[in-house]
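*Asks:* Quick one: structure below, then a few questions.
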């Protein structure tokens, strides 16, 4: 018995020594790597104790202290944060194939149809096929042009409704956040399904119910999932997070499948909607375009094509209300080129450079996704001279880059004129990249950029063409951003007073 006790005691000593040796080796290996600057980290949680809401502002504070290339540890995940344009270009332009993957997450595991959704699919043949399909059927210039009538009709319908609510020539307080969200949802529904979520626009209650369901399914309040950084929490079913995600995906899938089945039964011969077009492709090649591919395309359109566009519309109007001289300048430009006899349409947009500058400046100050979508290197690589391990989460801090005083003159000031120096596009690509990144960079940049910009420019242009807008009350517009989530929302939904402009009352009464 004494012999057994001594043996067990020696075994514990040996285990401690082995563990010490392994930890020492790991520390030595870690120190030999030339990693980017990093704050002091705590055991297990890493740097999570330094992070507060909103995430993009916490990271901006750390970047200002430790430099534009920052290395962090969130639990078991390593994170590279960049606010250096040259480092961003190195990752997403020169080495964009290495950084063309997305990190795996619990939400990705459960809600992206096994990572076949175009936005979250890993780089490879499946992603290339889906990108080609989306480019041909959704985002090419012909497709964007084909759906322009939908955007114009929906904007005109909202203008007509605003005119009716204001009793023809009165002043009405408007919840612009709700208005823009509903507008973008209806545009996307008609683009995808060929119809509105609620056909009768006068049925306000049904419209509210539709929007509430749409928002709960495609924009649930999930926040950052702590289980992504501590996998053991997923194993024990922490707070039922995994169960909730599965239920959201089940309801979302039923919703999408019902939508596809309904259109399949009532398919028109024109193939005007996206689903109709994809169903036609399915008839030609069921293996290339099964129902799951159709649902992933629709899911991408609903999520990527509504919220970010509505956010940009709201911030644009908030900035114009805060700068009435800019609003008047944009209106003068529209009246000069369009007049009062008809509504602004998309063919007019190239003739309105100042309006485009206003939206560009809004996207600089308030990019809808301030950290862009995360990337993940598929192999060990070097960024700005630092060694970056495979699997590190890459976050590009577009918000910090676009407000960097070393890059932009008076970076926090609203100055649309700064974009008069040149267009955002030239023969080499984006003139202002990589210091202007609201749509990302490289092969995984936002493919819906042109469609989203057209929607914002058209809606804002028509709204200021037809109505006088004023802030509610005498105080300045509250520009405080929300502190929760990964997008930059206004903390307080934007409300404004609107009244029809006398010169366009005749036009509005004919809509």
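Residue numbers (the working numbering): 67 to 577.
We put the beta carbon where it would ideally sit given N, CA and C, even for glycine.
1. Buried or exposed: residue 108, going by 16 or more other Cβ atoms within 10 Å of its Cβ?
2. By how many angstroms is the C-alpha of residue 439 removed from the C-alpha of residue 580?
3. Would you tell me roughly how many angstroms separate the C-alpha atoms of residue 491 and residue 304, rounded to the nearest one?
4. Of the choices 570, 231 and 103, whose alpha-carbon is the least far from that of residue 404?
5. Could you tell me the alpha carbon to alpha carbon distance between residue 348 and residue 326, rounded to whole angstroms?
6. Starting from the Cα of residue 539, find the closest Cα among 517, 526, 509 and 564 and give me that residue.
7. Would you report the Cα separation of residue 95 and residue 101, rounded to the nearest angstrom?
8. Taking C-beta to C-beta, are residue 165 and residue 499 nearer than 8 Å?
9. Taking Cβ to Cβ, would you say residue 577 is nearer than 8 Å to residue 225?
10. Counting pairs of Cβ atoms below 8 Å between the stretch 389-396 and the stretch 363-379, do you hit three or more?
11. Runs of 3 residues minimum, wholly inside the stretch 228-296: which ones carry the beta strand (DSSP E) assignment?
12. Going by alpha carbons, who is nearest to residue 518 out of 204, 146 and 452?
13. According to the Cβ coordinates, are residue 543 and residue 146 closer than 8 Å?
14. In this structure, how does DSSP classify residue 140 when only helix, strand and coil are distinguished?
15. In chain order, what residues of the same chain lie with their CB nearer than 7 Å to the CB of residue 216, ignoring the 5 residues before and after it?
16. With a threshold of 16 other CB atoms inside 10 Å of the CB of residue 112, please say whether the residue is buried or exposed.
17. Using a Cβ-Cβ cut-off of 8 Å, state whether residue 346 counts as contacting chain D.
18. Relative to the alpha-carbon of residue 358, which residue among 301, 99, 323 and 120 has its alpha-carbon at the smallest distance?
19. Sort out for me which residues DSSP pairs residue 556 with in a bridge.
20. With DSSP run on the structure shown, which of helix, strand or coil describes residue 441?
21. Please work out which residues of its chain come closer than 6 Å, Cβ to Cβ, to residue 298, disregarding the five sequence neighbours upstream and downstream, and give them in chain order.
22. If contact is defined by three or more beta carbon pairs under 8 Å, each pair taking one atom from either stretch, is the stretch 399-419 in contact with the stretch 116-133?
23. Please determine if the stretch 189-209 and the stretch 305-322 are in contact, where contact requires at least 3 C-beta pairs separated by less than 8 Å.
24. Can you give me the Cβ contacts of residue 557 inside the same chain, cut-off strictly under 8 Å, excluding the 5 residues immediately before and after it?
25. Where residue 381 and residue 351 are concerned, what is the direct C-alpha to C-alpha distance, given to the nearest angstrom?
26. Just to confirm before moving on: does the CB-CB distance between residue 465 and residue 122 stay below 8 Å?
27. So, using beta-carbon positions, are residue 429 and residue 154 closer together than 8 Å?
28. On the CB-based measure, 16 or more other CB atoms within 10 Å of its CB, does residue 521 come out buried or exposed?
29. CB residue 468 to CB residue 502, shorter than 8 Å?
30. When we look at the beta-carbon of residue 408 and count the other beta-carbons within 10 Å, is it buried (16 or more) or exposed?
31. Alpha carbon to alpha carbon, how far is residue 443 from residue 454?
32. Using CA atoms only, rank isn't needed, just tell me which of 143, 222 and 180 is closest to residue 574.
33. Would you check whether the ligand ATP has a heavy atom nearer than 7 Å to the C-beta of residue 468?
34. Ends of the beta strand (DSSP E) at residue 449?
35. Around the C-beta of residue 470, are 16 or more other C-beta atoms found within 10 angstroms, so that it is buried, or is it exposed?
*Replies:* A quick look at the data gives this:
1. exposed
2. With the chain running from 67 to 577 in the structure shown, residue 580 is simply not present.
3. For residue 491, the predicted structure reports a pLDDT of 47, less than 50, and the residue's modelled location is therefore unreliable. A value from the coordinates is still provided. Going from the Cα of residue 491 to the Cα of residue 304 covers about 47 Å.
4. 570
5. 12 Å
6. 564
7. Low confidence applies to residue 95: its pLDDT is 48, below 50, so where it sits in the model is not reliable, and the reading given next is rough at best. Between residue 95 and residue 101, the C-alpha separation is close to 11 Å.
8. no
9. yes
10. no
11. 238-241
12. 204
13. no
14. strand
15. 253, 256 and 257
16. buried
17. Reference to chain D is not applicable here, since this structure consists of a single protein chain.
18. 323
19. 547
20. strand
21. none
22. no
23. no
24. 544, 546, 547, 548 and 549
25. 43 Å
26. yes
27. no
28. buried
29. yes
30. exposed
31. 8 Å
32. 222
33. Only the bare structure without any ligand can be found here, which leaves the ligand ATP out of the picture.
34. 447-449
35. buried
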